[in-house]
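Heads up: take any position in the sequence shown, counting from 1, add 604, and you land on my numbering.
We put the CB at the ideal spot given by N, CA and C, even for glycine.
Owing to the predicted nature of the structure, the values given are computational and were not obtained by experimental measurement.
Some notes on the structure that comes next.
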Amino acid sequence: MDELVRSYGKARSDLLRELLVPSDDLIADVNDSNGIMRTSLHCLALLGDVMTLCLPLSEEEDSLVPPSQSTREKEKSRLTDWTHLLDQLWKWHSSRPTEVQALIEIDDHEATFPTILFTSSAGIFVNMTYHAAMLLLLDHWPSNNLLVPFSSKAGVVETQVSPLWHARRVCGIALNSDPEHSKCWDPCMIAEFALAARLTPNPNQRNELLVCLDKVRMAGWRVDGLVRRLREEWS
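This is the structure in structure tokens:
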């Protein structure tokens, strides 16, 4: 299954990149009529790149790796790609248009999910995608990386390089979205929510997530299997 998801992520990333203007133009022109769409596609493409890097290689893909490439060279190449993606995600986050930035963000207790509100379904979708990409990337931190690549960036604190910090935001965005927005979920958002839910340690918080998934189910999505797998993993 991981191989299938990884292949899907790479294909989706390549397709989305064909639809994008160069990233410099994207950042400079996010406020025009198509800016929201382009910035959303850009974030999706980055998520695809993260999936390609972090999820296991299939046997066929592994056979394409040059046999002359040493383990050290592979690790160095992976570290370069990992650091580049982390930097690209942070640049995306810091330059995203105000239309998809949170209207309210309150996080004052680790026992509860943060309250994060947006004015549109686009804001919900693209920020869940960003936090899911960060979660996956940080959860696959290269063993040979001893530095926090963007710890010196303005506004970044140590907690923001924790996978759990991003997982809590994926869940908080979903839980605090307008009930009408549950009708706008798609397989990508459901997968992002499931990824974050798996890292949730608090039983009370898990119950909140199951209630949210029930709303998604009532909107027409078949998530019974997902709920069953989450319960099994949590038990």
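- In angstroms with no decimal places, state the Cα-to-Cα distance between Arg-826 and Glu-677. The alpha-carbon atoms of Arg-826 and Glu-677 are separated by roughly 44 Å.
- Identify, in the order they occur along the chain, each residue of the same chain with its Cβ nearer than 7 Å to the Cβ of Leu-813, setting aside the five sequence neighbours on each side. Cys-775, Ala-801 and Thr-804
- Report yes if the C-beta distance between Leu-721 and Ala-706 is below 8 Å; otherwise report no. yes
- Item | Span of the beta strand (DSSP E) around Glu-709 | 708 to 710
- Query: What is the DSSP secondary structure of Ala-733, counted as helix, strand or coil?
  - Reply: First, the amino acid is wrong: residue 733 is Thr here, not Ala. DSSP places Thr-733 in helix when its eight states are reduced to three.
- Message: Within 8 Å, do at least three Cβ pairs link the segment 678 to 692 to the segment 725 to 734?
- Response: no
- Item | Residues bridged to Leu-721 [DSSP beta-bridge criterion] | Ile-708
- Hey, quick one: how far does the alpha helix (DSSP H) through Ala-715 stretch, first residue to last? Ala-715 -> no alpha helix (DSSP H), and no H or E assigned at all.
- Message: Excluding the 5 residues flanking Pro-718 on each side, which residues of the same chain have their C-beta closer than 7 Å to its C-beta?
- Response: Glu-709, Ile-710, Asp-711, Arg-772, Arg-773 and Gly-776
- Item | Residue range of the unbroken alpha helix (DSSP H) whose run includes Ala-771 | 767 to 779
- Query: Are the Cβ atoms of Leu-741 and Leu-799 separated by less than 8 Å?
  - Reply: no
- Query: Hey, would you say Met-655 sits closer than 8 Å to Met-732, going by beta carbons?
  - Reply: no
- Contacts around Pro-767, its chain only, beta-carbon distance under 7 Å, and the 5 residues preceding and following it disregarded: Leu-739, Leu-742, Asp-743 and Leu-803, listed in sequence order.
- Item | Inter-residue Cα distance where the pair is Asn-808 and Glu-703 | 32 Å
- Helix or strand or just coil, what does DSSP make of His-697? helix
- Task: State buried or exposed for Ser-781, treating a residue as buried only when at least 16 other CB atoms are found within 10 Å of its CB.
- Result: The residue is buried, with at least 16 neighbouring Cβ atoms inside 10 Å.
- Message: Is the beta carbon of Ala-715 closer than 8 Å to that of Asn-806?
- Response: yes
- Residue range of the alpha helix (DSSP H) that Ala-823 falls in? Looking at the DSSP string, Ala-823 is not in any alpha helix (DSSP H), and its letter there is neither H nor E.
- Query: Among the residues of its own chain, which have a CB less than 8 Å from the CB of Cys-788, if the five just before and after it don't count?
  - Reply: Ser-725, Ile-728 and Phe-729.
- Query: By Cβ distance, which residues of its chain are closer than 7 Å to His-735, with the 5 residues on each side in sequence left out?
  - Reply: His-770, Arg-773 and Val-774
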